[in-house]
Amino acid sequence: MKSSMKSAAMSFAAAVALLGCGHKEETAAPAASGGTQVAGQGDNVIRIGHVAPLSGGDAHLGKDNENGARLAADEINAAGGVRLGEKIYRVEILGEDDKADPKEGTLAAQKLVDEGVVAVVGHLNSGSSIPASKIYSDAGVAQISPSTTAAKYTDQGFKTTFRVVANDIQQGTAMANFAINDFKAKSVAIIDDRTAYGQGLVDVVERVVKDHGVSIVAREYTNNKASDFNAILTKIRARQPDVIVYGGMDDTAGPMAKQIHQLGIKAPLLAGDGTCSPEFVKLAGDGADILTCSRAGEAVEKLPKGAQFMAKYKAKFGSDVQIYAPYAYDAVYVVVDAIRRAGSLDRGAITAAVANTDYDGLTGHISFDAKGDIKNGAISMYHVQDGTLNYLSTTR
Amino acid sequence: MGSWDTFVQQVFNGLVLGSLYALIALGYTMVYGIVNLINFAHGDVLMVGALTALSAVALAHGLAPGIPGWGLMLIGMLAAVPVCVLISLLMERVAYRPLRNAPRLAPLITAIGVSILLQTLAMIIWGRNHRTFPQLLSSDPIAIGPATVTVTKLLVVALSAIIMVALLLLVQRTRLGRAMRATAENPRVAALMGVNPNAVIAATFAIGAALAAVAGVMYASLYSVAHFYMGFIPGLKAFTAAVLGGIGNIPGAMLGGILLGLIEALGAGYIDQFSDGLFGSNYQDVFAFIVLCAVLILRPSGLLGERVADRA
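Residue numbers (numbering that gives the first Met the number 0), protein chains in the order written: chain A, 0 to 395; chain B, 0 to 311.
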């Protein structure tokens, strides 16, 4: 009798503690967004949402993007904020974690919309951006992605989807041309991670490469949580391709490159922007220098304001830029520029103003076409050598 | 490269994978055999082992940069094993022992809770990012016959084989082993014979945890990554392997582990040939689970038969 009362009391206490914890989290959020007031207008704050994976395999990339966005917000606030009429507003970034999962992405999107953001910079992964874009479109919130490259993102006919990077049709074509012209490949093996991004990218590569008479000797699949690729790589090794093409992110590409090296496969690895990071080099170890990768934008470090940004980022956050921090930075500036031109914090007005953007950012000149893609997007190719990513060329 | 060479390579790949699964599966099977509990947190013990080794190796390398790779690996394992054993004993004492006579569902849910707790603690301590496990042994390819191997892969297979033989000897030839077998068969009668069931159960958890720690360090060395949820999928697969071989049955877990590794490697390698291109290598996991279902339908107690406690 006594022990069951004790356990009942303990479980009651545990339940109260859990409830308390949960409640505390919920009350924290409304306090941050200034209570139940309307879209970003309480307390002279402009709320811009940011969604990226902050946990899991892409966490380093998500944090990178968020840092870029926060750097921009801090700079804008330090320079005096945004003046609209009589009031001066400061910019606040509401960061959400979508764990690179489409389901979490839609939850994060709905949460931001409900919290009254005027625009969103995000998401990072195409697989998360695409379902979330419906939610933003329904709410009329402009969504500017600094890293979503899947073609489908802007193909949905929404007025609110924009991106400051090139899309996968350009990227896949550039990759395929590199395989044909630079690697002089006659046969390729293709692997993708079955995400919206990985699959979409290599489908473009496959199409272009086939049109040029190159044979696809192997078509393999994995997933974005896998770490063992020995079986599919052994199969590919038997077919002896000239190049291995991979559509996926650096947290899978790294181990894959390592295993390619360990199996004694001599073919180079050609992959997209999701792999083109310093983190890949760390994960791939001895196998890192087989990678040639593309980035869906200009080589930022070569642009006039690029080196300065890299230094400022490193000084503030203590780590190097991974891939898309400069683009998240520019996306925030594009939003603020749109707000200034629209002269209001109305979501619809801001979205219309974003569509008419004509802005010279850190990453180059930014203006959008009718679908929301950036005009004159560039694709830069890199190769890993001696532990760093070396710039090769840019196609526009 | 001939198709025979490829086959041998795939078999070797499967052996490497299977050895890891076998080590982890032993932990599941021993605990189930003795207390009828599926310890869902066992995969996370592997994760704690891997991350502890990561920190230990980083610390050792920082203090004495001259230590060779295999020395660091040893240090990692020596650090991981006690930590995992401690965590496992704590789990048993705090979470499972009070529920020893509770209805079956309670310890099961507790195990899930412990798993989430371990993952969250690991996320707080080691961060949310994937951590790179340093390359301690050379990863240059070595050709042995038609297969291409590395030192790490050979180590995994060899170490697992040695450990499994040692465990079989322990269980069959020592007093503790006899006590474990007796407690597994009938705990009450064993207690009448002078066996302390609590001590034996704690020892079982400890041995399982030590195996998981070694498996964790090997897993991290093999794939060069460690992160807070890395234990989930290997844990699930190892549990599948234990069931495949016959839950509660120690040789069964070893067989089940190796077999599952082989099925996965050969499945991924040949599935599109079997299905004429209908199913690709993305069905690798599906293939493994289909085999499991087939075995259980035809032989429900697993390949070598179940061995569970006789709760008369």
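Ideal placement from N, C-alpha and C gives every residue a C-beta, glycine not left out.
Looking at chain A, is there any beta carbon in it that lies within less than 9 Å of the beta carbon of residue 188 of chain B?
Sequence index remark: in the second sequence, residue 188 of chain B carries index 189 (1-based). When Cβ-Cβ separations below 9 Å define contact, residue 188 of chain B makes no contact with chain A.
Run through the region 301–378 of chain A for me and flag every whole alpha helix (DSSP H) of 4 or more residues, listed as ranges in chain order.
DSSP runs (the alpha helix (DSSP H)) wholly in the region 301–378 of chain A: 305–316, 324–341, 346–354.
If the cut is a Cβ gap below 8 Å, which residues of chain B does residue 218 of chain A touch?
Position 219 of the first sequence, counted from the first residue, corresponds to residue 218 of chain A. Within 8 Å Cβ-Cβ: 279.
From which residue to which residue does the alpha helix (DSSP H) around residue 396 of chain A run?
It is not possible to answer for residue 396 of chain A, since the shown part of chain A is limited to 0 through 395.
Name the chain A residues that come within less than 8 Å of residue 182 of chain B, Cβ to Cβ?
Residue mapping note: residue 182 of chain B aligns to position 183 of the second sequence, counting from 1. Simply none; closest approach about 24 Å.
Just curious, the alpha helix (DSSP H) that residue 117 of chain A is in, first and last residue?
For the purposes of this step, residue 117 of chain A is taken as the residue at position 118 of the first sequence. No alpha helix (DSSP H) contains residue 117 of chain A, which DSSP labels as neither H nor E.
Closer than 8 Å between beta carbons: that is the criterion. Which residues of the region 220–238 of chain A meet it against chain D?
No chain D is present in this structure, whose protein chains are A and B.
Quick one, are the C-beta atoms of residue 230 of chain A and residue 283 of chain B less than 9 Å apart?
Translated into positions along the first sequence, residue 230 of chain A becomes position 231. Translated into positions along the second sequence, residue 283 of chain B becomes position 284. Between residue 230 of chain A and residue 283 of chain B, the CB-CB gap stays under 9 Å.
Flag residue 285 of chain A as yes if its beta-carbon sits less than 9 Å from any beta-carbon of chain B, otherwise no.
What you label residue 285 of chain A is simply residue 286 of the first sequence in a count that begins at 1. It does; some Cβ of chain B falls within 9 Å.
Quick one, are the C-beta atoms of residue 13 of chain B and residue 263 of chain B less than 9 Å apart?
The count along the second sequence starts at 1 and reaches residue 13 of chain B at position 14. The count along the second sequence starts at 1 and reaches residue 263 of chain B at position 264. In this structure, residue 13 of chain B places its C-beta atom within 9 Å of the C-beta atom of residue 263 of chain B.
Along chain B, in chain order, which residues have C-beta atoms closer than 8 Å to that of residue 250 of chain A?
Counting from 1 along the first sequence, the entry for residue 250 of chain A is found at position 251. Correct list: 129, 224.
Buried or exposed: residue 83 of chain B, going by 16 or more other Cβ atoms within 10 Å of its Cβ?
What you label residue 83 of chain B is simply residue 84 of the second sequence in a count that begins at 1. Buried, by the Cβ-count rule.
Since residue 228 of chain B is in the alpha helix (DSSP H), which residue starts that stretch and which ends it?
Here residue 228 of chain B corresponds to residue number 229 of the second sequence, with the count starting at 1. Counting along the chain, residue 228 of chain B falls outside any alpha helix (DSSP H), and DSSP gives it neither H nor E.
Can you give me the Cβ contacts of residue 53 of chain B inside the same chain, cut-off strictly under 7 Å, excluding the 5 residues immediately before and after it?
Walking along the second sequence from the start, residue 53 of chain B turns up at place 54. Take residue 53 of chain B, set aside five residues on each side of it, and the residues of its chain with a beta-carbon closer than 7 Å to its own are 130, 132, 219, 225, in chain order.
Terminal residues of the continuous beta strand (DSSP E) containing residue 98 of chain B?
Locating residue 98 of chain B in the second sequence gives position 99, counting from the first residue. Note, residue 98 of chain B: premise wrong, no beta strand (DSSP E); not H, not E.
From the DSSP output, in three-state form, read off residue 190 of chain A for me.
Taking the first residue of the first sequence as position 1, residue 190 of chain A is located at position 191. Residue 190 of chain A: strand per DSSP, three-state reduction.
Can you have a look at residue 272 of chain B and say buried or exposed, based on whether 16 or more other CB atoms are within 10 angstroms of its CB?
As a position in the second sequence, residue 272 of chain B is number 273, starting the count at 1. Under this definition residue 272 of chain B is an exposed residue.
Does any residue of chain A bring its CB to less than 9 Å from the CB of residue 40 of chain B?
Mapped onto the second sequence, residue 40 of chain B falls at position 41. Not an interface residue.
Delimiting residues of the alpha helix (DSSP H) encompassing residue 127 of chain A:
For the purposes of this step, residue 127 of chain A is identified with residue 128 of the first sequence, where counting begins at 1. For residue 127 of chain A, the enclosing alpha helix (DSSP H) begins and ends at 125–138.
Alpha carbon of residue 94 of chain A to alpha carbon of residue 241 of chain B, nearest angstrom
Taking the first residue of the first sequence as 1, we reach residue 94 of chain A at position 95. Taking the first residue of the second sequence as 1, we reach residue 241 of chain B at position 242. In this model, residue 94 of chain A and residue 241 of chain B are separated by some 42 Å (Cα to Cα).
Buried or exposed by the 16-neighbour rule on C-beta atoms within 10 Å, applied to residue 52 of chain A
Translated into positions along the first sequence, residue 52 of chain A becomes position 53. Its Cβ being crowded by 16 or more others within 10 Å, residue 52 of chain A is buried.
Got a sec? Which residues, its chain only, sit under 8 Å from residue 92 of chain B by beta carbon, not counting five neighbours each side?
One-based indexing of the second sequence puts residue 92 of chain B at position 93. A distance below 8 Å between beta-carbons, with the five flanking residues on each side excluded, links residue 92 of chain B to the following residues of its chain, in chain order: 201.
Are residue 349 of chain A and residue 118 of chain A touching if we call contact CB-CB under 9 Å?
Looking up residue 349 of chain A in the first sequence gives position 350. Looking up residue 118 of chain A in the first sequence gives position 119. For residue 349 of chain A and residue 118 of chain A, yes; Cβs fall inside 9 Å.
Leaving aside the five residues before and after residue 136 of chain B along the sequence, list all residues of the same chain whose C-beta is less than 6 Å from its C-beta, in chain order.
Here residue 136 of chain B refers to the residue found at position 137 when the second sequence is read from its first residue. Taken in chain order, the residues that qualify are 68, 150, 151.
Whose Cβ in chain B lies nearer than 7 Å to the Cβ of residue 254 of chain A?
On the first sequence, position 255 is the one that residue 254 of chain A refers to. By Cβ distance, chain B contributes 222, 223, 224.
Classify residue 253 of chain A: buried if its beta carbon has 16 or more other beta carbons within 10 angstroms, exposed otherwise.
Here residue 253 of chain A is taken as the residue at index 254 of the first sequence, counted from 1. Buried is the call here.
Where are the alpha helix (DSSP H) runs, 4 residues long or more, that stay fully inside the region 54–106 of chain B, in chain order?
Runs found: 68–90.
Burial state of residue 274 of chain B, where buried means 16 or more other Cβ atoms lie within 10 Å
What you label residue 274 of chain B is simply residue 275 of the second sequence in a count that begins at 1. Exposed, because fewer than 16 other Cβ atoms sit within 10 Å of the Cβ of residue 274 of chain B.
CB contact flag (residue 42 of chain B, residue 248 of chain B, <9 Å)
Here residue 42 of chain B refers to the residue found at position 43 of the second sequence. Here residue 248 of chain B refers to the residue found at position 249 of the second sequence. The answer is no: Cβ separation not under 9 Å.
Whose CA, out of A:286, A:112, A:194, lies closest to the CA of residue 382 of chain A?
Counting from one through the first sequence, the residue named residue 382 of chain A turns up at place 383. Nearest option by C-alpha distance: A:286.
I'd like the list of long-range same chain contacts for residue 18 of chain B, defined as Cβ closer than 6 Å, with 5 residues on each side in sequence excluded.
To locate residue 18 of chain B, count along the second sequence from 1; it is residue 19. Excluding sequence positions up to five before and after residue 18 of chain B, its CB lies within less than 6 Å of the CB of 155, 156, 159, all in the same chain and listed in chain order.
Using the beta-carbon of each residue, which ones in chain B are nearer than 7 Å to residue 193 of chain A?
Counting from one through the first sequence, the residue named residue 193 of chain A turns up at place 194. Simply 281.
Consult DSSP for residue 4 of chain B and reduce its assignment to one of helix, strand or coil.
Residue 4 of chain B sits at position 5 when you count from the first residue of the second sequence. Here residue 4 of chain B carries a helix assignment [DSSP, helix/strand/coil].
Sort out for me which residues DSSP pairs residue 246 of chain A with in a bridge.
Against the first sequence, residue 246 of chain A aligns to sequence position 247. Its beta-bridge partners are A:191.
Is the CB-CB distance between residue 90 of chain A and residue 45 of chain A below 9 Å?
In the first sequence, residue 90 of chain A corresponds to position 91, counting from 1. In the first sequence, residue 45 of chain A corresponds to position 46, counting from 1. Cβ distance < 9 Å, so residue 90 of chain A and residue 45 of chain A count as in contact.
Using a Cβ-Cβ cut-off of less than 7 Å, list which residues of the region 260–292 of chain A approach chain B; keep chain order.
Among the residues of the region 260–292 of chain A, those with a Cβ less than 7 Å away from any Cβ of chain B are 260, 261, 262, 263, 281, 282, 284, 285, in the order of the chain.
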